[in-house]
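Report on the following structure.
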Amino acid sequence: MLILRHIFLFVLFLFATQKELLSLQVDNFNINISSFSSTQFTEKDISEEDYTDFIKDHIFSQPEYTYAIASENEKNYLLTSAVRSRFPSISGSVINDEVLDRNIDDFNSIRKRQDDSFDAVAEINQPIYTGGRISSKVKLARIERNNSIVMKRATLSELILESNDIFVSASIFSYLHEYSKELLAIIMPFKEKMQTRVESGAIDPAEFAVFQTRLNSLQSTIFKIEASSKTTIANYEYFFKSKFEFNGFPKINVKFDGATSKNDSFNLDIKENQYLASLENIKIVRSDYLPQFGLKARYTEYDIDESNNENDIRGGLYLSMPIFQFGKGLAAINAEKAKSRATKFEIDIEKKSSDSRKNELLSTLESSYKALVKLKDAFNDTKKQREIIQQRILLSGFSPVSFLEVCENEINQLKILLETEYDIQSAYYYILHENQLLINKMKIYL
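Residue 28 is where the sequence shown starts when you use this note's numbering, and the numbers rise one by one after that.
What follows is the structure, encoded as structure tokens:
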């Protein structure tokens with residue numbers, strides 16, 4: 028047992044050390060750049076203010092947000108109803124009880140005979156003690172109302188992420204497609220010249236075959252980009268309900284430090300609220316097996332179809348108490364307790380999942396940020412080499428086969444560069460979302 032104890036303490040030490048190192052690494056990791064800062068070759072860009080306004084103009088009309096608002100309104104009404112359960116209830120009734128047929132010995136049947144009646148009754152019932160049921164229902168309704176607010180904010184934050192993904196993806200593939208078509212327009216005249224030279228016998232047909240093979244490979248790459256462009260643009264037009272037009276890439280200030288990643292996630296807050304609700308559900312179930320105490324009063328106006336003007340007021344205290352339920356109450360209470368314990372374990376699971384998501388996003392953000400400069404230099408160098416080869420072909424008749432390879436590399440490197448820029452912005456937004464900061468970043472105040 029002593030050995031096992033030492034092993035257990037050693038494992039805890041390793042876990043704490045790893046967590047401390049990870050926290051130190053996060054605290055030392057800082058970024059302050061503008062998204063898509065490497066795309067100076069584009070003539071357009073979108074300011075952060077304009078981009079924020081565009082996103083805000085479209086997310087509030089989405090059905091997910093409308094549903095979240097309706098759910099919040101429902102919880103507000105349920106809270107109002109629960110609070111008003113503390114007040115007395117007043118009910119009224121009209122009792123029409125007449126003999127339609129009788130088969131009773133009238134000699135000794137006083138107990139079995141009742142007068143015909145047509146009475147009006149008004150009753151007031153004021154619960155005084157309900158085993159804590161009313162208070163627990165009020166607390167439960169308040170927790171669920173608070174949870175609906177968290178869920179509304181989570182929905183809004185998720186819509187921001189979705190709209191950003193759709194917008195940036197459409198912009199990237201639209202720009203890539205146009206860029207690829209421009210390169211292809213440069214290449215096609217070379218194909219015609221090579222075909223003419225083959226027909227005249229100036230070059231070997233095998234060289235043209237190699238050129239055609241490389242051209243087919245490049246065109247296949249462009250076709251894939253075109254398909255992605257059409258798909259992302261269709262998603263854009265469906266989500267934003269407007270025709271897509273490339274206006275540049277959003278220039279978002281990506282500012283991150285260790286303090287950015289220390290808040291609880293939406294999901295964790297939701298799980299904690301669900302656990303608090305489960306505790307109140309235990310009290311509600313227990314209240315069914317506790318004494319019920321209150322005050323009742325009843326006013327009866329007799330024979331309202333006649334003018335007798337006879338009435339009475341009756342009332343008093345009432346007390347009901349379950350005596351023996353054959354273990355039914357204990358089983359129901361234990362079932363709710365077990366459910367509550369399971370909900371508490373879900374909090375620990377969500378904490379673990381949230382930390383894992385944050386670490387993964389931080390890793391993506393850091394690796395993309397460190398790779399950005401090298402990717403930008405590689406793309407610019409490839410673009411420069413392509414322009415040099417292009418000029419050499421025009422001046423000296425240099426074979427354009429290598430030109431095709433450079434063009435395809437340039438397209439692929441541009442794609443990787445833009446996707447890396449997107450990874451930085453997207454990871455930053457997702458980190459803000461995980462820490463409930465994205466709504467504030469978009470200057471939305473609820």
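All residues carry an ideal CB built from backbone N, CA and C; glycine is no exception. Computed from a predicted model, the values in this text were never measured in an experiment.
* Tell me whether residue 215 is buried or exposed, calling it buried when 16 or more other Cβ atoms sit within 10 Å of its Cβ. => Looking at its Cβ environment, which holds fewer than 16 other Cβ atoms inside 10 Å, residue 215 is exposed.
* With contact counted as at least three CB pairs below 8 Å, one residue from each stretch, are the region 453 to 463 and the region 392 to 412 in contact? -> yes
* Asked: If you draw a straight line from the alpha carbon of residue 504 to that of residue 324, how long is it in whole angstroms?
  -> Since the first and last residues shown for the chain are 28 and 473, residue 504 lies out of range.
* **Close-in-space but distant-in-sequence residues of the same chain around residue 75 (CB under 8 Å, 5 per side omitted)** => 277, 278, 279 and 280
* Just tell me which of 399, 418, 415 and 119 has its CA closest to the CA of residue 442. => 399
* Pull up the distance between the alpha-carbon of residue 467 and that of residue 116, whole angstroms please. => Linking residue 467 to residue 116 through their CA atoms gives a straight-line distance of about 45 Å.
* Between 320, 346, 374 and 306, which lies nearest to residue 168 when the distance is taken from Cα to Cα? -> 306
* Whether residue 207 touches residue 252 by CB criterion (9 Å) -> yes
* Asked: On the three-state DSSP scale, how would you describe residue 356?
  -> In the three-state reduction of the DSSP assignment, residue 356 falls in the helix class, which pools H, G and I.
* From 435, 405, 422 and 159, residue whose alpha carbon lies closest to that of residue 109 -> Per the C-alpha coordinates, the member of 435, 405, 422 and 159 positioned closest to residue 109 is 159.
* Asked: Between which two residues does the alpha helix (DSSP H) containing residue 214 stretch?
  -> 160 to 227
* **Inter-stretch contact at 8 Å, needing at least 3 Cβ pairs: the region 180 to 196 / the region 262 to 274** => yes
* Is it true that the region 329 to 347 meets the region 288 to 296, where meeting means three or more beta-carbon pairs spaced less than 8 Å apart? -> no
* Where are the alpha helix (DSSP H) runs, 4 residues long or more, that stay fully inside the region 388 to 413, in chain order? -> none
* Exposed or buried, what is residue 53 when buried is set at 16 or more other beta-carbons lying within 10 Å of its beta-carbon? -> The pLDDT assigned to residue 53 is 44, lower than 50, so where the model puts this residue is not dependable, and the model offers no usable value.
* **Helix, strand or coil at residue 272 [DSSP, three-state]** => Note: residue 272 maps to coil in three-state DSSP.
* To do: Please confirm whether residue 83 and residue 348 have their CB atoms less than 9 Å apart.
  => no
* Considering only the beta carbon of each residue, do residue 294 and residue 174 sit closer than 9 Å? -> no
* For residue 351, the three-state DSSP class (helix, strand or coil) -> coil
* To do: Rank 112, 429 and 449 by C-alpha distance to the C-alpha of residue 388 and give the top, closest one.
  => 449
* Asked: If you check the beta carbons only, do residue 176 and residue 460 fall under 9 Å apart?
  -> no
* **Bounding residues of the beta strand (DSSP E) (the contiguous stretch that carries residue 146)** => 144 to 156
* To do: Alpha carbon to alpha carbon, how far is residue 408 from residue 465? Give it in angstroms, no decimals.
  => 36 Å
* Asked: Considering only the beta carbon of each residue, do residue 112 and residue 161 sit closer than 9 Å?
  -> Cβ distance < 9 Å, so residue 112 and residue 161 count as in contact.
* With a CB to CB cut of under 6 Å and the five nearest residues on each side skipped, what residues in its chain are close to residue 105? -> 168
* To do: With residue 113 as the anchor, note down where its alpha helix (DSSP H) starts and where it stops.
  => Secondary structure note for residue 113: it is in no alpha helix (DSSP H), with a DSSP letter that is neither H nor E.
* To which residues of the same chain is residue 358 closer than 6 Å at the C-beta, ignoring the five residues directly before and after it? -> none
* Neighbourhood of residue 471 by C-beta distance below 6 Å, restricted to the same chain and skipping five residues each side -> No residues qualify anywhere along the chain.
* For residue 282, which beta-bridge partners are listed by DSSP? -> 59
* Taking residue 363 as the reference, which of 259, 282 and 312 has the closest Cα? -> 312
* So, helix, strand or coil for residue 121, using DSSP? -> strand
* Asked: Opposite residue 339 in the DSSP bridges: which residues?
  -> 327
* Asked: What separation, rounded to the nearest whole angstrom, lies between the Cα atoms of residue 339 and residue 125?
  -> 20 Å
* Asked: Any idea which residues DSSP pairs residue 74 with across the strands?
  -> Answer is 278, bridged to residue 74.
* Asked: Is residue 50 helix, strand or coil when you go by DSSP?
  -> Because residue 50 sits at a pLDDT of 40, beneath the cut-off of 50, its placement in the model cannot be relied upon, and the point is left open.
* Selected residue, minimal CA-CA separation from residue 319, among 303, 342, 346 and 296 -> 346
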